[in-house]
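Q: Its first residue numbered 1, the sequence shown is counted upward by one per residue in the working numbering. No residue lacks a Cβ here, since even glycine has one placed at the ideal position from N, Cα and C.
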Amino acid sequence: MAPISQTCRGATLPIVLATLAALGSLALAGCAGPRTFPTPLETAEGDVLTSHDDMMSFLTRLQKGTGAFAMDTIGTSVEGRSIVLLDFTRSGRGEPAGQPRLKMLMFAQQHGNEPSGMEAAITLARDVATGQFSEFLASVDFYLIPQVNPDGAEMRQRANALGLDLNRDHLTLSTPEVAALHTVFRKHMPEVTLDVHEYGPAGSAWVRAGMHKDFGQQIDGLSNPNMSMELRSFVWDRVIPDLRERLAPRNVFLRRYLISGDPEGRSRYSTTALNDGRNSMGIYNTLSFLIEGLNGLTVEENIRERTRQQLETMKAFALFFSENAAEVRELVDGERAKLRGEALSPEVALVADYVKDPDNPSVSVGVVNLETGLRETRTFQEYYPLVETILSVRRPLGYAIPSHLTEVLEVLDRHEIATGYVESPMAAEVETYRIERVETSWREDRESLDVGVTVRRREVVLPHGTVVVWSDQMASNLVAALLEPQSQWGLAHLPEFASLLAVRGEYPISRIVGTMD
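(1) Closest to residue 68 by CA distance: which of 94, 47, 53 is it?
(2) Ordered along the chain, which non-local residues of its own chain (more than five positions away) have a Cβ less than 6 Å from that of residue 516?
(3) How about the region 496–509 and the region 470–487: do they share at least three Cβ pairs that are nearer than 8 Å?
(4) According to DSSP, is residue 160 part of a helix, a strand, or is it coil?
(5) Going by beta carbon distance, what residues of the same chain come within less than 6 Å of residue 89, once the five residues before and after it are set aside?
(6) Expressed to the nearest angstrom, what Euclidean distance is found between the alpha-carbon atoms of residue 505 and residue 163?
(7) Measuring only the C-alpha atoms, how far is residue 454 from residue 310?
(8) Where does the unbroken beta strand (DSSP E) through residue 142 begin, and where does it stop?
(9) Jot down the residue ranges of each uninterrupted beta strand (DSSP E) in the region 44–124, minimum 3 residues, whole runs only, in chain order.
(10) Nearest to residue 138 by CA position, among 450, 442, 323, is which residue?
(11) For residue 449, which beta-bridge partners are listed by DSSP?
(12) Name the DSSP bridge partner or partners of residue 213?
(13) In three-state terms, what does DSSP make of residue 33?
(14) CA-CA distance, residue 166 and residue 176?
(15) I'd like the span of the alpha helix (DSSP H) that includes residue 254, first residue to last.
(16) Is residue 512 helix, strand or coil when you go by DSSP?
(17) From the DSSP output, in three-state form, read off residue 490 for me.
(18) Out of 371, 429, 236, 124, state which residue places its alpha-carbon closest to the alpha-carbon of residue 514.
(19) Let me know if residue 16 comes out buried or exposed under the rule of 16 or more other beta-carbons within 10 Å of its beta-carbon.
(20) What does DSSP give as the partner residue(s) for residue 426 in the beta ladder?
(21) Assign residue 57 to one of two classes, buried (16 or more other C-beta atoms within 10 Å of its C-beta) or exposed (fewer than that).
(22) Any idea what DSSP makes of residue 405, helix, strand or coil?
(23) Hey, is the region 258–274 in contact with the region 197–214, meaning 3+ C-beta pairs nearer than 8 Å?
(24) From residue 270 to residue 423, what distance separates their C-alpha atoms?
(25) With H, G and I counted as helix, E and B as strand and the rest as coil, what does DSSP make of residue 334?
Following this line, the structure appears as structure tokens:
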């Protein structure tokens with residue numbers, strides 16, 4: 001029978017299960033250390049990935065063996081695999097909740113071929129549950145989803161079993177995996193979230209240029225211009241510099257997440273789009289982040305070192321926010337309050353892109369020279385680090401949506417956005433759009449739509465059954481981004497909602513700009 005290892009004053013004592021059963025206890029004379037639970041990766045020979053079944057077996061043993069967390073199935077994948085939430089809060093362990101604490105949600109492996117996040121997440125769960133890394137719980141309620149995309153993980157592919165990219169589904173929430181993730185987010189409304197990914201080193205343009213990326217660990221926070229500048233500045237000025245300093249002694253180099261598909265093309269930071277995990281939660285003025293660790297040339301290559309660096313980054317992240325929990329709670333609470341009150345910005349950004357910064361014209365990155373095999377530093381001039389708003393509109397009081405637009409209403413419902421019905425005809429002043437043109441443009445290094453409209457203001461009577469979405473709610477920025485026809489992050493720009501943009505036709509969703517008694 002395989003031994004179980006227990007750490008005692010720095011020594012490792014193998015104890016066979018039969019002996020433990022005879023003793024009736026894990027306690028050994030002179031040893032106060034906790035029972036250890038090796039992860040499947042730690043016990044595997046060679047670079048072997050943990051299967052979903054092995055992950056679930058490990059987490060079940062860990063939960064039963066420590067009682068340190070509750071494990072709840074929050075949903076199932078397309079093929080029926082469990083998606084689980086590990087709840088390390090006191091209430092999650094059946095204990096009464098105390099004073100308000102900082103809430104933190106981490107989730108990993110939305111992309112099935114990016115496994116190091118899941119491997120690090122279950123290792124982190126073990127270290128927290130056994131008390132090896134639990135000091136941050138003094139000020140943090142911690143929630144962990146180790147694997148969002150179990151089907152893709154089993155297939156070793158980016159997408160889920162339906163071929164859908166989960167990290168592009170955070171607008172419509174059409175997949176069961178992403179819907180489950182957002183249900184957890186809305187239930188707890190954590191002040192801090194972290195989405196764990198990996199980036200590929202060997203893009204085709206980089207290989208043609210004779211290089212692989214060697215950017216180290218990468219992290220980024222909020223990027224959409226509708227998000228609080230106070231929160232964005234906190235990320236740039238406080239969080240990233242602190243994490244970089246914490247990680248350097250652990251042999252982990254951290255930088256802000258740089259998107260660079262071609263060494264001769266543009267380099268910019270992460271997307272402003274709202275259809276990914278980070279920004280979809282950040283639109284609620286959440287301090288929302290993603291990690292991008294360096295993937296291998298295969299999904300297994302160097303998995304232990306990749307996992308180590310992800311784990312170190314996740315631990316440094318948890319420590320920073322535990323040490324600054326009160327400040328972060330106050331900051332996020334204040335910025336969220338603005339979403340409902342008079343301090344809400346009167347303007348909503350609809351179109352944005354990255355532009356150059358005259359004070360920072362270039363960026364230097366690490367690469368591996370394929371000819372020599374050596375690491376080098378290269379400097380690139382096509383550096384676009386700043387987000388610039390190109391188009392904005394004045395925020396309306398709300399939006400009027402005809403009841404027959406069921407697919408639009410279903411998206412709002414999945415986001416649990418507050419809506420109401422006109423019970424009796426209601427007089428209102430509205431603005432309506434006429435779609436004059438729909439053309440393709442190029443933003444954030446991808447094809448986008450450029451929509452031209454004319455606006456007409458008039459007094460109307462909204463008929464019975466019209467759905468009304470008012471702007472005075474926490475989802476105000478999301479509502480505008482979803483429903484405005486010119487919004488590059490909106491529903492109308494998705495193929496399944498293309499009929500909303502019929503040229504020479506009237507956009508069916510109206511802006512309510514005044515009401516009448």
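A: On the basis of the data shown:
(1) 94
(2) Result list for residue 516: 427, in chain order.
(3) Flag = yes, the region 496–509 and the region 470–487 touch.
(4) The three-state reading of DSSP puts residue 160 in coil, since its state is none of H, G, I, E or B.
(5) Apart from the 5 residues on each side of it in sequence, residue 89 sits with its Cβ closer than 6 Å to the Cβ of 141 in its chain, given in chain order.
(6) 34 Å
(7) 49 Å
(8) 140–145
(9) 70–76, 82–87, 102–108
(10) Among 450, 442, 323, the Cα nearest to that of residue 138 is on 323.
(11) 440
(12) 367
(13) Any reading at residue 33 must be qualified, since the residue scores a pLDDT of 38, below 50, and its modelled position is unreliable; the value itself is stated next. Residue 33 falls in the coil class under three-state DSSP.
(14) 10 Å
(15) Premise fails: residue 254 lies in the beta strand (DSSP E), 254–256, not in any alpha helix (DSSP H).
(16) Correct three-state label for residue 512: strand.
(17) coil
(18) Comparing Cα positions, the closest option is 429.
(19) Caution is warranted here: a pLDDT of 32 is assigned to residue 16, below 50, making its placement in the model unreliable, and the coordinate value is therefore given only provisionally. Residue 16 comes out exposed.
(20) Paired residues: 462.
(21) exposed
(22) coil
(23) Three or more pairs of CB atoms, one per stretch, sit closer than 8 Å, so the region 258–274 contacts the region 197–214.
(24) In a straight line, the C-alpha of residue 270 is about 44 Å away from that of residue 423.
(25) helix
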